[in-house]
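Okay, so here's the structure we're looking at.
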Amino acid sequence: MIIDCHAHLSTYDDDALIPYARSNSLSYSLAELLENMRRFEVTDALLLSPPRVDGSIVPNEHTIRLCELSNWRLKPVLTVEPSKEHVESCIKLAKSKKQVRAFKIRLGYVKVSPIDPVFLPLYEYALSSGLPVLFHTGDTATKRASLKHAHPLNLDELASSFDKLKIVVCHFGNPWIVDAAELVYKHNNVYADLSGLFSGYTRFSKKYIETLVSQLNRAIYYIGSVDRILFGTDYPVEDHERAIQLVKSLDLDENELKLVFYENAKGLFAL
2 MIIDCHAHLS TYDDDALIPY ARSNSLSYSL AELLENMRRF EVTDALLLSP
52 PRVDGSIVPN EHTIRLCELS NWRLKPVLTV EPSKEHVESC IKLAKSKKQV
102 RAFKIRLGYV KVSPIDPVFL PLYEYALSSG LPVLFHTGDT ATKRASLKHA
152 HPLNLDELAS SFDKLKIVVC HFGNPWIVDA AELVYKHNNV YADLSGLFSG
202 YTRFSKKYIE TLVSQLNRAI YYIGSVDRIL FGTDYPVEDH ERAIQLVKSL
252 DLDENELKLV FYENAKGLFA L
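For the sequence shown, position 129 (counting from the first letter as 1) is numbered 130 according to the working numbering, and the numbering increases by one without interruption.
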């Protein structure tokens, strides 16, 4: 069994992830996502709002509607933008929709620090409700985003100040994988997901995957365990088959694979 802790979907024509879907020969549809989940024994997937071409987000209400249409096989994650009004709206939405499993802040896409005071009410609610907060880190899907703000080490102070807050470093901070590993090693409340680490095909794809496996193994050796490592596809940025094969290529035994593919996410997101 597998839990995908990071997937995207929308029906918006200006969804910025459509080119990634095309490069992976994916239709990027609810039917396709659910069929791939069935085919690869993915019991649940967390659904996150994708970015739009203009840098804004697909509304959280749209994400929740897609989750409803999936009969809640997809679990909503609310994307939170850095304004008092949006933070309050997301907290209210989470209170009204008990299916919500987490929040997400798009570091890099929004050019703010994770310790900006605007997010404090969100962190306080996340602590009281037990909901994790996911943070985009690393490479971005749009050129207008800020890599400086997307660096995983921006989360160090937050993890120290809110040491009970469950923090997920999305995309393992790629390409700053070792830096993300230090966060997981240092802070017991920090997790990292393996989503969106590659996409499409180039003549260097095979070599890139080989070096990626080596980097991830080094990160895991440094951390010393996989207790806070999570599987994710970042669909449609990755297709399910290649995402699963990447994890199976790591230096992990059967028990460790079960943790990464299923058990860690089951506990973290109360699935």
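Where a beta carbon is used, it is the ideal one built from N, C-alpha and C, also for glycine.
Can you tell me whether S57 is buried or exposed, with buried defined as 16 or more other CB within 10 angstroms of its CB? If you number the sequence shown from 1, residue 57 lands on position 56. Classification for S57: exposed.
Of the residues I168, R145, E211, which one's Cα is nearest the Cα of A127? Your numbering for residue 127 matches position 126 in the sequence shown. The shortest C-alpha separation from A127 is found at I168.
List, from N- to C-terminal side, the alpha helix (DSSP H) runs of 4 residues or more that fit wholly inside the region 45-104. 61-70, 85-97
Enclosing beta strand (DSSP E) for I116 [first to last residue]: Taking the first residue of the sequence shown as 1, we reach residue 116 at position 115. Taken as a continuous stretch (DSSP letters only), I116 belongs to no beta strand (DSSP E), as it is neither H nor E.
Kindly indicate which residue of L260, L10, C171 has the alpha-carbon position closest to the one of K76. By 1-based counting over the sequence shown, the position of residue 76 is 75. Of L260, L10, C171, the residue nearest in Cα terms is L10.
Between the C-alpha atoms of L123 and N61, what's the straight-line distance to the nearest angstrom? Counting from one through the sequence shown, the residue named residue 123 turns up at place 122. Counting from one through the sequence shown, the residue named residue 61 turns up at place 60. Approximately 15 Å, taken between the alpha carbons.
At what residue ranges does the region 190-271 contain a whole run of the beta strand (DSSP E), taking only runs of 3 or more? 191-194
Taking DSSP as the reference, what is the three-state secondary structure of D157? Against the sequence shown, residue 157 aligns to sequence position 156. Helix, per DSSP.
Reducing DSSP to helix, strand and coil, say where A8 ends up. Counted from its first residue, the sequence shown places residue 8 at position 7. The answer is strand: DSSP assigns A8 an E or B state.
Host alpha helix (DSSP H) of V185 (start-end): Sequence index remark: in the sequence shown, residue 185 carries index 184 (1-based). V185 -> alpha helix (DSSP H) spans 178-187.
Can you say whether R102 is buried or exposed, counting buried as having 16 or more other CB atoms within 10 angstroms of its CB? The residue given as residue 102 occupies position 101 in the sequence shown. Under this definition R102 is a buried residue.
Suppose you measure from the CA of L260 to the CA of W177; what does that come to, to the nearest Å? Here residue 260 refers to the residue found at position 259 when the sequence shown is read from its first residue. Here residue 177 refers to the residue found at position 176 when the sequence shown is read from its first residue. The alpha-carbon atoms of L260 and W177 are separated by roughly 23 Å.
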